[in-house]
Amino acid sequence: MRRRSLLTLIACAVILAGAIGSSAQTKMPQMKFRERTLPNGMRVLSVVDKSSPTVAINVWYHVGSKDDPDQRSGFAHLFEHLMFKSTKNMKAEMMDRLTEDVGGNNNAFTADDVTVYFEIVPSNYLETLLWAEADRLSGLTVDEESFHSERAVVEEEFRQSILAPPYGKFSYTMQQKSFVSHPYQRPGIGSIADLDAATVENVQKFHTTYYRPDNATLLVVGDFDPRQFDAWVDKYFGSIQKPDLPLPRVQTKEGERTGEKRFTEYGANVPLSAVGINYLVPSEKSEDAPALTMADIILSQGRSSRLYQSLVYQQQIAQSTNANADLKEDAGLFQLTAIVAAGKKPEDAEAALRAEIKKLQDTPVSAAELEKAKNQIITSQLRQRETNNGKANALGRAAVLLGDANRVNTALEKLQAVTAADVQRIANKYFTDKNRYVFFYLPEAMRPASGVNKMPQSRESSNGAKGAYLK
Amino acid sequence: MTETEAFRRQMPPPLAPRPLNLPEHLETTLSNGLGLVVVEDKRLPLISFRMAFRSGDANDPADQPGLSDMMSSLMTEGTATRTSRQIAEEVERFGATLAVGSSSDFTTVAASSLSVYADEILDLMADVSMNPSFPQNEVDLARENTKQLLIQQRAQPTFLASERLSQVMFGKHPYSRLSPTPEMLDAMTRDDLVRFREATYIPNNGVLMVVGDVDRDAIIARIEQLFAAWKPGALPDLDLPALPKRSARSIHVVDRPDSAQSNIVIANEGITRTSPDYFPMLLMHTILGANASSRLFMNLREEKGYTYGAYSNLDARRLAGTFRATAEVRTSVTGASMHEFFYELERIRNEAVSAEELKNAKSYLAGVFPIRIETQDGLIDQLVSIRMYDLPSNYLETYREQVNAVTVEDIQRAAQNYVTPDRAAIVIVGDAVEISEQVKPYADAIELYDTEGKPKK
């Protein structure tokens, strides 16, 4: 995220958390969108909604942190920042002027699979923003000075989001350790060392490689005239050439896990121990994705959820708990985490989390629990669609990550169709002993006496060196 | 693309602006004094309720900070007819939310659901508002959980900065107290919670707001039926010591060894929410530090690269307020960042802002207004502010006029009154050993604290 939010595993998962549901009595309103593809390959999706004189513009580029160049972790995100610097016809920070000065706002975020730029403005400024988005797709003119200053900003974002908060390093390290071969192992925020190694040449190359019309999807939702909009799109985007170069895609597959792995890390200023367990799960396009999402909700959404009731309320082992079906394009993680209550042992929190997994495997969830989860998901989907930008985001996710814009409407039926047997089946299929990763994050004071390093780092020779810059 | 595309060189102009139709709201008062505001919004099958009471953390007795907070969080943990678990189960079965929260000046009970469940969620909201039972086991659990939260808070630099700043700026005023100590929590009894609720949760001290896909007359009838038996009472009053008078600049460092960043806050006494200076201050704040195109952000982030974000903060509450400038910067540029902060504070005070800056700030505030009220919760936030701070009832309708009436002179007058660098309180959370030399030029003496909030030598 360029401005105010942290680019963490969890934050991105929430933004892109998908899935649509419907309750017995409420029909999810269908989103009526128009779709066209320009001759240069750019996809354009739009929804007219005149309830407020505003419009949301999104440009989704199908490139994310997993596409960071070798030895340049964090680069896709650094690049996202540089998209706010100068272009052929705009000086640096012009996007802020074009939005804030007219009564709107803008931002961007980089996730594992996509980079998304968005603006929300009074609707009479739509043409101006289309002109501006087209200009930064056409080319950047980043100079050394603004590159160095923006890189320093990203390094502060790293310090503020990873080093300063007590659990910043928890999710950061967990993601690094959870993937063995897929580039998802590289945290999107990167590392200071890799950021320092980046150059202006890397920036130009990255733009040429990935920022092209056939890798971009424009989404516009709000108050506009469709005919006028189409003409503007043709004028500003239609004449941008598609380069005659192949569009690289990550080919690496994350292999199946073959045995439980465990890792312990210590941190300064960690008030209470934290425990994380995760399982490698398939892509969000998988047929099992809806059932994984349901399992997440049943375990963790609200105070009546299983994890809260068991670990926080009854056993009082944990101060807080969470589950997250962090589904991505190529592979995902199903994670359970707990902040361990003072005076309790991380081992006991781990056992309690695993007991909840076993329950999901042994006994079908009740009809009431499943109905509750479906109601929870449809309500949150509707809340997202209160805003023009929320609608654009839902549509972008369907079009770019699920590969079909119409899934903004049909994904709902898939969730609606999940049964108790489905949830039990995926729990047995994926939440196995050999597919488990266990991570303890403990206060520095709990580190064993020096001399012997008891941390089982050696087991992960492939990633062992990655944590070095964190010290 | 070819060079013949001249249109790319020239930014296209906007079309004519389109009118904003503000949602119509109906206001009334029940016979027991409970205010009621209803807005029909049929865009989506959703409904949102919020009940707000003019009593918050500021009403905590001096020796019991956290009482309002604890009372609020326990209201959903049991009523005369429902257990904690039953409440959670019922709310979530409908895919709904129900939460009670306390802020400085007011407390809110917020509920939202699919509109088909409007009656059910309203019923639950009425039950937790009027009949909370504060079961002893829930009180004990909340006490333990709050103690653990306190431990976590002390690891967060932002909390440590707020805690120190509140004490420096507000002295003995209730706004000075951010959280209780574990000992205070141990001393807090169930009776304290019950008494506090009885004194503050009375219908004539509150307003219920409803926004959503609902029939107005039907929901009003239902609300009258549900809340009619609720008896009014005497309004709570507050004991309000004056704020400390500041006559010189001071620096207060909270030592957090090994911090990679310094969390800097520079504060002056500000205004109350109903001050006639509110709109000039709002424009001044927008130009100085509210956004990514404001001066602080442009200087400390875009030009210098010292921070991920530098902002000002207009914190105007019912009884008092502060005006602050803040950033989290890497340790080695703590002193350099202070230099830039003071440069910008002096500049906004001593030089008139440009007509261009004022025009842009006005467009920003007028333009984001419809975006803010795009959601049901966004609209309710505005309605809560109007009722809890006693703003004029036509506040939404006149907001843009008020913004547009502010002049360059108004802004400079506001800056000279409320941005006073030579009387500022500076709070820094960071590694004291690394930063002490860097901050020396900014004050004669440095007060040092540890992360427990205790003075340190």
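Line order of the protein sequences matches chains U and P. The numbering used here applies: residue 1 is where the first sequence begins, and numbers increase by one. The numbering used here applies: residue 1001 is where the second sequence begins, and numbers increase by one. Ideal placement from N, C-alpha and C gives every residue a C-beta, glycine not left out.
Please list the partners that residue i has in chain U, where partner means a Cβ-to-Cβ separation under 7 Å.
{"i": "P:TYR1308", "result": "VAL153, GLU156, GLU157, GLN160"}
Whose Cβ in chain P lies nearer than 7 Å to the Cβ of residue i?
{"i": "U:ASN105", "result": "VAL1368"}
{"i": "U:TRP131", "result": "MET1011, PRO1012"}
{"i": "U:ASP96", "result": "ALA1292, SER1293"}
{"i": "U:GLN474", "result": "No information on residue 474 of chain U is available, as it lies outside the stretch 1 to 471 that chain U covers here."}
Does chain P have any CB closer than 7 Å to the CB of residue i?
{"i": "U:THR128", "result": "yes"}
{"i": "U:GLN376", "result": "yes"}
{"i": "U:GLY222", "result": "no"}
{"i": "U:GLU100", "result": "yes"}
{"i": "U:ALA274", "result": "no"}
{"i": "U:VAL428", "result": "The question names Val, but residue 428 of chain U is Asn in the sequence shown. No, U:ASN428 does not count as interfacial toward chain P."}
{"i": "U:GLN315", "result": "no"}
{"i": "U:THR419", "result": "no"}
Taking Cβ-Cβ distances shorter than 8 Å, what residues in chain P pair up with residue i?
{"i": "U:TYR184", "result": "What U:TYR184 touches in chain P: nothing, since even the nearest Cβ is about 24 Å away."}
{"i": "U:GLU150", "result": "GLY1305"}
{"i": "U:LYS235", "result": "PHE1007"}
{"i": "U:ASP135", "result": "ARG1008"}
{"i": "U:ILE120", "result": "ILE1371"}
Would you identify the three-state DSSP class for residue i, choosing helix, strand or coil?
{"i": "U:ARG473", "result": "Here chain U comprises residues numbered 1 to 471, so residue 473 of chain U is not present and cannot be evaluated."}
{"i": "U:GLN335", "result": "strand"}
{"i": "U:THR54", "result": "strand"}
{"i": "P:ARG1423", "result": "helix"}
{"i": "U:VAL220", "result": "strand"}
{"i": "P:SER1481", "result": "In the structure displayed, chain P extends from 1001 to 1457; residue 1481 of chain P sits before or after that span and is not available."}
{"i": "P:GLY1430", "result": "strand"}
{"i": "P:ARG1093", "result": "helix"}
{"i": "U:GLU329", "result": "coil"}
{"i": "P:GLY1335", "result": "helix"}
{"i": "U:GLN30", "result": "coil"}
{"i": "U:GLN251", "result": "coil"}
{"i": "U:LYS88", "result": "coil"}
{"i": "U:VAL180", "result": "coil"}
{"i": "U:TYR266", "result": "strand"}
Closer than 6 Å by C-beta to residue i: which residues in its own chain qualify, once you throw out the five before and the five after it? Chain order, please.
{"i": "U:LEU130", "result": "TRP232, TYR236"}
{"i": "U:TRP60", "result": "VAL114, VAL116, THR217, GLY396, VAL400"}
{"i": "U:LYS476", "result": "Any question about residue 476 of chain U goes unanswered here, given that chain U covers just 1 to 471."}
{"i": "P:LEU1283", "result": "ALA1361, VAL1406, ILE1411"}
{"i": "P:MET1338", "result": "TYR1442"}
{"i": "P:VAL1265", "result": "ALA1161, LEU1165, ARG1324, THR1326, VAL1427"}
Does the beta carbon of residue i come closer than 7 Å to any beta carbon on chain U?
{"i": "P:ASN1404", "result": "no"}
{"i": "P:ILE1219", "result": "no"}
{"i": "P:PHE1227", "result": "no"}
{"i": "P:LEU1015", "result": "yes"}
{"i": "P:LEU1283", "result": "no"}
{"i": "P:ARG1301", "result": "yes"}
{"i": "P:PRO1182", "result": "no"}
{"i": "P:PRO964", "result": "Any answer about residue 964 of chain P is impossible in this case: the structure gives chain P only from 1001 up to 1457."}
{"i": "P:ASN1313", "result": "no"}
{"i": "P:GLN1136", "result": "no"}
Could you name the residues of chain U that residue i contacts, counting a contact when the two beta carbons are closer than 8 Å?
{"i": "P:THR1272", "result": "Those do not exist, as P:THR1272 stays about 27 Å from chain U at its closest Cβ, beyond 8 Å."}
{"i": "P:GLU1374", "result": "SER52, THR54, GLU386, THR387, ASN388"}
{"i": "P:ARG1043", "result": "SER51, GLU386"}
{"i": "P:ILE1047", "result": "What P:ILE1047 touches in chain U: nothing, since even the nearest Cβ is about 11 Å away."}
Using a Cβ-Cβ cutoff of less than 7 Å, which residues in the same chain neighbour residue i once the five nearest sequence positions on both sides are dropped?
{"i": "U:THR110", "result": "LEU7, GLY64, SER65, ALA76, HIS77, GLU80, GLY188"}
{"i": "P:LEU1396", "result": "LEU1022, GLN1382"}
{"i": "U:ALA198", "result": "ARG72, PHE75, LEU78, ARG151"}
{"i": "U:MET90", "result": "ALA132, ASP135"}
Who are the Cβ neighbours of residue i in its own chain at under 8 Å, not counting the five residues just before and after it?
{"i": "P:LYS1457", "result": "LEU1448"}
{"i": "P:ASP1123", "result": "LEU1226"}
Between residue i and chain C, is any beta-carbon pair separated by less than 7 Å?
{"i": "P:ALA1088", "result": "Of the protein chains in this structure, namely U and P, none is chain C."}
In chain order, what are the residue ranges of uninterrupted alpha helix (DSSP H) at least 4 long that sit wholly in the stretch 1179 to 1223 of chain P? Runs found: 1182 to 1187, 1190 to 1200.
Please give the ranges of any alpha helix (DSSP H) in the stretch 1265 to 1315 of chain P, keeping only runs that are unbroken, at least 4 residues long and fully inside the region. Listed in chain order, they are 1278 to 1288.
Segments of 4+ residues assigned as alpha helix (DSSP H) that fall wholly inside the stretch 1096 to 1140 of chain P: List check, alpha helix (DSSP H) in window: 1118 to 1130.
At which residue ranges does the stretch 303 to 327 of chain U contain complete beta strand (DSSP E) runs of 3 or more residues, listed in the order of the chain? The stretch 303 to 327 of chain U contains these whole beta strand (DSSP E) runs: 318 to 326.
Length-filtered (3 minimum) beta strand (DSSP E) runs lying within the stretch 1038 to 1071 of chain P: Whole beta strand (DSSP E) segments, 3+ residues: 1046 to 1053.
Where are the alpha helix (DSSP H) runs, 4 residues long or more, that stay fully inside the stretch 74 to 122 of chain U, in chain order? Here the runs fully enclosed are 75 to 82, 94 to 100.
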